[in-house]
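The numbering of the sequence shown is our numbering, which starts it at 823 and goes up by one.
Yeah, the Cβ is synthetic: ideal placement off N, Cα and C, and Gly gets one too.
Everything numeric in this text was worked out from a predicted model, so none of it was measured.
The structure under discussion appears below in the form of structure tokens.
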Amino acid sequence: MDVQLFRIDDRLIHGQVVLGWVKYLESRRIVLCDDAVARNEWERELYLSCIPTDLEAVIMNIKEASEYLSDSIINPDRTIVLVKSPGTILQLAEQGFLPSKINVGGIHFAEDRKRYLSYLFLNEAEVKDLKSLAEKGCQITCQDVPTGRSYSLEEILR
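Okay, structure coming up:
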């Protein structure tokens, strides 16, 4: 069974996710997958402080998240998985977990990135990683909020 939403968002846990996606999907759990955040106690506490008390949240490194999401005993239903970049998903795939659907939510401006949508700026490596994920069979859409328009990867890369 797939998770409800597997989202790339460089801000990870923030209002759009908690107030938008969680409420819209009626999610019960967030899995934040990021090696740097998992190692940093202060960042973990900061992200977890943004979570309402009725929502379970866990922060895992890539290896832990791959094992957790691949475990057939775990029910990922009603779960949102958050990562910062397409590269993280490729690393998850190397560890044994590849999502079937990916939502690209927000990758914001940086000097080396090109604008594709108002909330989506990608550099060459990120485009390459997204294309690689698509070639592996992932369905990739870009959508910032649940009520916003969904764009296919092919559509935005044209």
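Residues that DSSP places opposite D831 in a beta bridge: G928
F828 at chain D interface by Cβ criterion, 9 Å: Checking the listed chains, one finds no chain D in this structure; it contains a single protein chain.
Proximity of A947 and L975 at Cβ, strictly below 9 Å: no
Under the three-state DSSP convention, the category T901 falls into: strand
Nearest candidate by alpha-carbon position, reference S907, set G927, S892, R900: G927
DSSP three-state assignment for E863, whether helix, strand or coil: helix
G1028 versus Y938: straight-line alpha-carbon distance, rounded: With the chain covering only 823 through 980, there is no way to say anything about residue 1028.
Run of the beta strand (DSSP E) containing K936, from where it starts to where it stops: 936-939
Per-residue burial, R861 [other beta carbons within 10 Å of its own, 16 or more giving buried]: exposed
Exposed unless 16 or more other CB atoms sit within 10 angstroms - verdict on D831: buried
Helix, strand or coil at I962 according to DSSP, with G and I counted as helix: strand
Identified DSSP bridge partners for F919: Answer by DSSP bridge pairing: none, since F919 is not bridged.
Proximity of L868 and V844 at Cβ, strictly below 9 Å: no
D934, buried or exposed, once every other Cβ within 10 Å from all chains shown has been counted against 16: exposed
Closest residue to P898 among F828, S972, K936 (Cα-Cα distance): F828
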